[in-house]
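*Asks:* Dropping the structure in here first, questions after.
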Amino acid sequence: MAAWQEWSFDGTRGRIVGRTWPNDSARYLALLVHGYGEHIGRYEHVADTLVRHGAEVVGADHMGHGRSAGERVLITDYEEVVDDLHTVDERARSARPGLPVVLIGHSMGGMIATRYAQRYADTLCCVVLSGPVLGVWSPTKLLQLDEIPDTPLDITTLSRDPAVGQRYAADPLVWHGPFKRPTLQALATCLETINAGPRLELPTLWAHGGDDQLVPLAETQVGIDHIRGSRFTERIYPGARHEIFNETNKDEVLADVTAFIDQHLPG
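If you want our numbering, it's the position in the sequence shown, counting the first as 1, plus 6.
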């Protein structure tokens, strides 16, 4: 695996911890955005692929996630997460000026990446959305209940590779508890903001597992219809579950991602 360096900065709600996978001969910067309850360390193999493809890769744990500060998985305003991501982006650009930036977000990170692209479209080369939470997401219906149930995640929904779920369950930096009401409310508000926002006219790849039970294809499709621009590509992988970067066909998925990036890098 590619070597990485850890760093931190003062974010909107406390210390944010991130990683850089350096590449002295990088052709572009890849900005990775992780999903709900997890952390950027779960993307080492993705970063390794991107480094070998010609990227310098950066990513950070969101507030309340992984090694970053804050009450676990508590987010009250996703615009603040986008603000932190912008700081990560600017930090990476200052270290490697002139490189085009590719934004890659998975799950909740796909939602954050979409909102980031709506706010900063002119600064990005292209966007990759992996199993993004967009449109309508059924867990937000839990807000109608007086008490949000503590229902453990079914780890078999992550990937057809059972080792993926086992590693997830054993990872101490992953949140294994229930949703928190303020976070779900903030997430629902972010989805509404995205749906009411501009379409993504920069090159965008939407990649999704056909058997994704955590972020169902039909629910995301509602949001895709709101943001789809004129330079939009989609890839649906039959039988694949939620974490397509960790699926049994992950090599195919990552090859599609790097091919998409090659199509849209300047020059």
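Don't be surprised by glycine CBs; every beta carbon is placed ideally from N, CA and C. Quick caveat: nothing in here was measured; it's all calculated off a predicted structure.
Taking only runs that begin and end inside the region 59 to 141, name each unbroken beta strand (DSSP E) of 3 or more residues, in chain order.
*Replies:* 61 to 66, 107 to 112, 132 to 136, all fully within the region 59 to 141.
*Asks:* Applying the 10 Å Cβ sphere with the 16-neighbour rule, what's the burial state of P178?
*Replies:* The residue in question, P178, is exposed, as its Cβ has fewer than 16 Cβ neighbours within 10 Å.
*Asks:* Would G20 be called buried (16 or more neighbouring beta carbons within 10 Å of its own) or exposed?
*Replies:* Exposed, because fewer than 16 other Cβ atoms sit within 10 Å of the Cβ of G20.
*Asks:* In its own chain, which residues sit with a C-beta less than 7 Å from the C-beta of F185, not counting the 5 before and 5 after it?
*Replies:* P145, L148, I154.
*Asks:* Between H92, L223, T129, C131, which lies nearest to P244 when the distance is taken from Cα to Cα?
*Replies:* It is L223 whose Cα lies nearest to the Cα of P244.
*Asks:* Can you tell me whether DSSP reads D16 as helix, strand or coil?
*Replies:* Strand at D16.
*Asks:* How many angstroms separate the CA atom of G215 from the CA atom of G41?
*Replies:* In a straight line, the C-alpha of G215 is about 15 Å away from that of G41.
*Asks:* Less than 8 Å separating the beta-carbons of I27 and A53?
*Replies:* The sequence shown places Trp at residue 27, not Ile. Yes, Cβ-Cβ distance for W27 and A53 is below 8 Å.
*Asks:* Could you name the residues of the same chain whose beta carbon sits closer than 6 Å to that of V263, not counting the 5 residues immediately before and after it, in chain order?
*Replies:* Only V134 meet the Cβ criterion.
*Asks:* Taking 8 Å as the threshold, find out whether the region 255 to 271 comes into contact with the region 226 to 236 through three or more Cβ pairs.
*Replies:* Taking 8 Å as the limit for Cβ pairs, the verdict is that the region 226 to 236 does not touch the region 255 to 271.
*Asks:* Please determine whether the Cβ atom of A261 lies at a distance below 7 Å from any heavy atom of the ligand SAM.
*Replies:* Looking at this structure, you won't find the ligand SAM or any other ligand, since it has none at all.
*Asks:* Mark P204 as exposed unless 16 or more other C-beta atoms lie within 10 angstroms of its C-beta, in which case mark it buried.
*Replies:* So P204 counts as exposed.
*Asks:* Can you list, in chain order, the residues of its chain with a C-beta nearer than 7 Å to that of V87? Leave out the 5 residues immediately preceding and following it.
*Replies:* Excluding sequence neighbours, V87 sits near H68, M69, I81, I118.
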